[in-house]
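Undergrad:
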Amino acid sequence: MQTVSFRQMKDGTKEDYEFLGRLEQDFIDKLPDRILDALRALDDTLSGYQVTRLEHSLQSATRAEADGADEEMVLGALLHDLGDDLAPENHSQYAATIIRPYVRPEVTWVVEHHGLFQKVYYAHHFGEDPYARDIYKDHPYYESCIRFCERWDQASFDPDYPTQPLEHFEPLVRRIFSREPFDPAVVNRTDVVLPRAVQT
406 MQTVSFRQMK
416 DGTKEDYEFL
426 GRLEQDFIDK
436 LPDRILDALR
446 ALDDTLSGYQ
456 VTRLEHSLQS
466 ATRAEADGAD
476 EEMVLGALLH
486 DLGDDLAPEN
496 HSQYAATIIR
506 PYVRPEVTWV
516 VEHHGLFQKV
526 YYAHHFGEDP
536 YARDIYKDHP
546 YYESCIRFCE
556 RWDQASFDPD
566 YPTQPLEHFE
576 PLVRRIFSRE
586 PFDPAVVNRT
596 DVVLPRAVQT
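Per this note's numbering, residue 406 is the first one in the sequence shown, and the count goes up by one each step.
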């Protein structure tokens, strides 16, 4: 196997870094495959619910799609719990970091904060403030995160809901994660895109 010549980065040559650049691009090009594999792995994770974490993720995305959400928000619904295995205490931030280079800020913000917003449904059982989310009540994406949690996330633990399989969402995953990362036309958007079904 070909390797670089250096043992310290500061000793690398132009040829070394060009070689690594080619390998890195090949690796980046396979990101959609790794995302799909990570989703499949959610089928064997946190137990106790009536659905697996993968089924919950698929159901959230199915509900978002049925509700008229655009494809970036559907992706957010699909991947919002992707960090549960490796980042159980900050899974929201983990998932948001993964999608940040490829979607508009609204989607990243909603995914990043959904864990806090979900507490409205159960925090009182632990003596915590269920409305801790209200520190963000003046944020432009506050209502979007409430909708995300109410309509798609908290509702998606139903084993009888007609949920789309992962194969249904695979083209969307491949399309979005094949975008140019940090494209200003995407990541600098500051508009809020409401699902068609709830636009006023």
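The C-beta atom is built at its ideal place from N, Cα and C for all residues, glycine as well. Values in this document were obtained by computation on a predicted structure and should not be read as measured data.
(1) So the candidates are Gln455, Met414 and Thr408; which of them puts its Cα closest to the Cα of Pro564?
(2) Can at least three beta-carbon pairs, one atom from the stretch 534-541 and one from the stretch 504-511, be found at a separation below 8 Å?
(3) Taking only runs that begin and end inside the stretch 504-548, name each unbroken alpha helix (DSSP H) of 4 or more residues, in chain order.
(4) Nearest-angstrom Cα distance between Ser465 and Gly532?
(5) On a CA-only basis, which of Arg427, His530, Tyr546 and Ser462 is nearest Gln569? Give me that one, please.
(6) Round the Cβ separation of Leu459 and Leu487 to the nearest angstrom and send it over; I've been treating them as touching at under 8 Å.
(7) On a Cα-Cα basis, can you pick out the residue from Leu571, Phe587 and Ser497 that is closest to Cys554?
(8) Looking at Arg584 and Val591, is the spacing between their C-beta atoms short of 8 Å?
TA: So, from the listed chains and residues:
(1) Gln455
(2) no
(3) 510-523
(4) 28 Å
(5) Ser462
(6) The Cβ separation is near 10 Å, so there is no contact.
(7) Ser497
(8) yes
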